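S.K.:
2 protein chains.
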Amino acid sequence: MNLKELAASLGLSQTTVSRALNDYPEVSEATRQRVKEAARRNNYRPNTRAKSLATGRTMAIGHVIPVSTRHEIVNPIFADFIAGAGEVYARNNHDLLLSVVPDRDEEQAYRDLAAKGSVDGAIVHAPRPEDPRIALLSRLGLPFVVHGRAGVGDGSYSWVDVNNRRAFHRATEFLLDLGHRRIALINGQEAMDFARRRREGYETALAERGLRADPALMRSDEMTEFYGYRSARQMLEGPQPPTAFLVSSMITAIGVRRALGDMGLRLGRDVSVVIHDDELSYLRNGEDIPIFTATRSSVKQAGRICAEILLDIIRNPGRPPRHVLLEAELTVGESTGPAPGRP
Amino acid sequence: MNLKELAASLGLSQTTVSRALNDYPEVSEATRQRVKEAARRNNYRPNTRAKSLATGRTMAIGHVIPVSTRHEIVNPIFADFIAGAGEVYARNNHDLLLSVVPDRDEEQAYRDLAAKGSVDGAIVHAPRPEDPRIALLSRLGLPFVVHGRAGVGDGSYSWVDVNNRRAFHRATEFLLDLGHRRIALINGQEAMDFARRRREGYETALAERGLRADPALMRSDEMTEFYGYRSARQMLEGPQPPTAFLVSSMITAIGVRRALGDMGLRLGRDVSVVIHDDELSYLRNGEDIPIFTATRSSVKQAGRICAEILLDIIRNPGRPPRHVLLEAELTVGESTGPAPGRP
DNA sequence: TTGCCCGTCCAAAGCGCTTTGAAAACTTTT
DNA sequence: AAAAGTTTTCAAAGCGCTTTGGACGGGCAA
Chain S
138 MNLKELAASL GLSQTTVSRA LNDYPEVSEA TRQRVKEAAR RNNYRPNTRA
188 KSLATGRTMA IGHVIPVSTR HEIVNPIFAD FIAGAGEVYA RNNHDLLLSV
238 VPDRDEEQAY RDLAAKGSVD GAIVHAPRPE DPRIALLSRL GLPFVVHGRA
288 GVGDGSYSWV DVNNRRAFHR ATEFLLDLGH RRIALINGQE AMDFARRRRE
338 GYETALAERG LRADPALMRS DEMTEFYGYR SARQMLEGPQ PPTAFLVSSM
388 ITAIGVRRAL GDMGLRLGRD VSVVIHDDEL SYLRNGEDIP IFTATRSSVK
438 QAGRICAEIL LDIIRNPGRP PRHVLLEAEL TVGESTGPAP GRP
Chain F
138 MNLKELAASL GLSQTTVSRA LNDYPEVSEA TRQRVKEAAR RNNYRPNTRA
188 KSLATGRTMA IGHVIPVSTR HEIVNPIFAD FIAGAGEVYA RNNHDLLLSV
238 VPDRDEEQAY RDLAAKGSVD GAIVHAPRPE DPRIALLSRL GLPFVVHGRA
288 GVGDGSYSWV DVNNRRAFHR ATEFLLDLGH RRIALINGQE AMDFARRRRE
338 GYETALAERG LRADPALMRS DEMTEFYGYR SARQMLEGPQ PPTAFLVSSM
388 ITAIGVRRAL GDMGLRLGRD VSVVIHDDEL SYLRNGEDIP IFTATRSSVK
438 QAGRICAEIL LDIIRNPGRP PRHVLLEAEL TVGESTGPAP GRP
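Sequences listed follow chains S and F, in order.
Just so we're aligned: 376 in the numbering used here is position 239 of the first sequence, and the numbers increase by one with no gaps anywhere.
Just so we're aligned: 388 in the numbering used here is position 251 of the second sequence, and the numbers increase by one with no gaps anywhere.
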């Protein structure tokens, strides 16, 4: 059932029917009701393509999700982020267009999105320092919001980020207060902006107590379970093992926990672990009491906020960029305790 | 840059330019080259909306991903499934339209996809027995492929599924052969078709050895980490604890492992665990040697196959439905051993 | 009654593309 | 050289919608 047929069935013109449905004033209340009722009865939905061609707005948002060419990994936070964003899109009658691309083709993916005119805006995931996609999108004139930040020039575009620096600063202080001196950092890839910030928070906190980060206790890679396992084992079997770990993701921490188990070490007694928890829906950090002591910040919520902001930017072009910095509070769980050999 | 402008800049008509770009024969090789070169130079991409309006094909596939209203959970396998499918879409110049909806609105979401004419086909995720979406899509005439099956009438629609019944039959036999008699099943929600089949495989294997499944050893719920933890603890602390677990997902098994750790039990010695492994990219079951003994089947691969089949159905309507049943091989890892008190 | 305004409706153009039917420009055949 | 065929190009219609510019008629003031 299309507009023409609907109009014919009502004995009205397409114009009037279209206006009635879109709540334009120049149609009488009686006809509006009649039209809406008929539309409902026929389960009429205007054809998206035609509508967007006519209005010049696509009512769709693009998400480009990169797949690591090295390990063929898709970041597990995408599911939750997209669930959050998708919820907002649904509420605002927008579609979500997903492009899954090898990470080296990412730029072209955005270029295509803009050239093909298939979206009104885009979300930029997993920004790297000085990420070229940001300059590209600005140049293309496609509205966008970055989930994370990309180094300097933060003021010139809209972003939603967690205060990664402060979170890791705080977590490190917490471990230092417990008497830990050899604290390992199992971080995400340094190529990512968030990983750099987390490291800075960690290093600063150490420095403030007159300690220097030991390169032997720092790892940086894609945050898989095995990466956590391998890193923890290597460090714990080394000459000067750490007494505590700072781990950038729940999944990696699960690998760390496995390593501890295999080595007969007890989490929270022999070795402490603090994680950053993205609050993935299927990997909750415990129900009532947290399993891991964690700095937590909901990725789903970040998705919602990004989407809200992007829709707002599209509706109101020309406004100054918007920034949201989410604080990650530290919640104490059972994975941390005083450094061994300490009261 | 649109077609009109491109044509003008070349001194050709839109018709000729369009035909040159779409490799129609009625244009000379010389002009074709000239046109393609100019298109490349101007980074020209035909407007998707206009193109699909003209052709009647949207070049887009819809995925409706339900969010559990009970727990606000989005199934972690979606990320990998979509990565696989998205790869195929990209290769075939199709877009992926994602709708995130509360699971109770799922039907309406498909109805909307069809009415708004925004996709050429759809993937049905997580089918339940006698899933109403299948009848609905058939009625709407929207091509679709089901990831999984939905009970009877399997012949009438296309699907890609894992042989869940055989996988769990095999896994149960494996544990029985190791001497286990009290084998627990920590399954997905019984409302899902795959969970029902897995239970059947498990029960049949037990029955074939003259054993009856003990309801006290069977659980069914959303496959979270905590669900695994809670179920394992409850059963192990019960009067007649199991010596082995059959777990429907890696994530749930991580919870089971945590429970074992907390109780001071050793995985593979005190208690055996066999899992079904969907081979999620960020949660590999070990690198070289598998952590868990597992029946494994790649969800990403399933996504690829679903996508290939769907595109094929769209290209060649009227062909009989297609079915792919993937076998999940059993790989032995370190999580299983002989039943305690047995040589 | 006339004139004007306002509320209500409509015909037609246009969004950027594909595709039909026909014309123009070459080639080949007679 | 004309006729016939072939290749190459084009103008225009149409996809399903929105939106512009008008038309029509009823109500009100003059």
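Beta carbons are placed, not taken as given, at the ideal position from N, Cα and C, and that holds for glycine.
Since the model is a prediction, treat every value here as computed from it, not as a measurement.
(1) Leu355(F) by DSSP, collapsed to three states: which one?
(2) Could you tell me which residues DSSP puts in a beta bridge with Ser295(S)?
(3) Go ahead and pull the three-state DSSP assignment for Val154(S).
(4) Within a Cβ cutoff of 8 Å, which residues of the same chain sit near Glu362(F), ignoring the five residues on either side of it in sequence?
(5) For Leu274(S) and Val289(S), what's the separation of their Cα atoms in angstroms?
(6) My output table needs one value for Val172(S): the three-state DSSP class, helix, strand or coil.
(7) According to DSSP, is Val436(F) part of a helix, a strand, or is it coil?
(8) With respect to the alpha helix (DSSP H) encompassing Asp314(F), which residues constitute its N-terminal and C-terminal limits?
(9) Are the Cβ atoms of Gly199(S) and Ile260(S) separated by less than 9 Å?
(10) Quick check on this structure: which residue in Glu466(F), Thr473(F) and Lys141(F) has the alpha carbon closest to the alpha carbon of Phe305(F)?
(11) Sort Arg286(F), Val410(F), Leu233(F) and Ser205(F) by Cα distance to Ala476(F) and report the nearest one.
(12) Return the residue from the list Leu234(S), Lys188(S), Leu250(S) and Asp314(S) that minimises the CA-CA distance to Leu342(S).
(13) Ignoring anything shorter than 4 residues, give me the alpha helix (DSSP H) runs that lie fully in the segment 203 to 275 of chain F, in order along the chain.
(14) Can you find a C-beta in chain S that's less than 9 Å from the C-beta of Thr309(F)?
(15) Please list the terminal residues of the continuous beta strand (DSSP E) segment that includes Leu463(S).
(16) Report the rounded CA-to-CA distance for Met138(S) versus Phe382(F), giving the unit in angstroms.
(17) If you drop the 5 nearest sequence neighbours on each side, which residues of the same chain put their C-beta closer than 6 Å to that of Asn422(S)?
(18) So the beta strand (DSSP E) Asp414(F) belongs to, where does it begin and stop?
(19) Looking at Gly440(S): is its Cβ nearer than 9 Å to the Cβ of Val204(S)?
(20) Using a Cβ-Cβ cut-off of 9 Å, state whether Asp249(F) counts as contacting chain S.
(21) Is there at least one Cβ from chain F nearer than 9 Å to His372(S)'s Cβ?
(22) Can you give me the Cβ contacts of Glu327(S) inside the same chain, cut-off strictly under 8 Å, excluding the 5 residues immediately before and after it?
(23) Look at the alpha carbon of Asp425(S) and the alpha carbon of Arg433(F), and state the distance between them as a whole number of angstroms.
(24) What residues in the segment 222 to 238 of chain F bring their beta carbon closer than 9 Å to a beta carbon of chain S?
(25) Within a Cβ cutoff of 7 Å, which residues of the same chain sit near Gln151(S), ignoring the five residues on either side of it in sequence?
(26) Starting from the Cα of Ser295(S), find the closest Cα among Met372(S), Leu235(S), Pro269(S) and His460(S) and give me that residue.
(27) Look up Thr468(F) in the DSSP assignment and say whether it is helix, strand or coil.
(28) Would you identify the three-state DSSP class for Ile428(S), choosing helix, strand or coil?
(29) Is Gly325(S) helix, strand or coil when you go by DSSP?
(30) Alpha helix (DSSP H) containing Val393(S): first to last residue?
(31) Using 8 Å as the threshold, is the segment 184 to 201 of chain F in touch with the segment 238 to 256 of chain F, meaning 3 or more CB pairs across them?
(32) For Ala350(S), report the span of its beta strand (DSSP E) as first-last.
(33) Tell me the DSSP secondary structure of Ala197(S) in three-state form.
(34) Roughly how many whole angstroms lie between the Cα atoms of Ser106(S) and Arg156(S)?
(35) Between Ile446(F) and the rest of its own chain, which residues show a CB-CB distance below 8 Å, the 5 nearest in sequence each way excluded?
(36) Is it buried or exposed for Ser165(S), if we count other Cβ within 10 angstroms and need 16 for buried?
M.R.: Looking at the coordinates:
(1) The sequence given here has Met at residue 355(F), not Leu. Of the three classes helix, strand and coil, the one that applies to Met355(F) here is strand, per DSSP.
(2) Val282(S)
(3) helix
(4) Ile388, Thr389, Ile391, Gly392 and Arg395
(5) 16 Å
(6) helix
(7) helix
(8) Asn301 to Asp314
(9) yes
(10) Glu466(F)
(11) Val410(F)
(12) The sequence shown places Ala at residue 342(S), rather than the Leu named in the question. Selected option, being the one with the closest Cα: Asp314(S).
(13) 214 to 228 and 243 to 252
(14) no
(15) His460 to Leu463
(16) 54 Å
(17) Asp414, Ile428, Phe429 and Ala431
(18) Ser409 to Asp414
(19) no
(20) yes
(21) In the sequence on display, residue 372(S) carries Met and not His. With 9 Å as the cut-off, Met372(S) does not count as an interface residue toward chain F.
(22) Arg333, Arg336 and Ser357
(23) 32 Å
(24) Ala222, Gly223, Glu224, Tyr226, Ala227, Asp232, Leu233, Leu234, Leu235, Ser236, Val237 and Val238
(25) Leu140, Lys141 and Ala144
(26) His460(S)
(27) strand
(28) coil
(29) coil
(30) Met387 to Asp399
(31) yes
(32) Counting along the chain, Ala350(S) falls outside any beta strand (DSSP E), and DSSP gives it neither H nor E.
(33) strand
(34) The structure shown does not extend to residue 106(S), since chain S is modelled only from 138 through 480, so no value can be given for it.
(35) Val282, Ser295, Val297, Arg459 and Val461
(36) exposed
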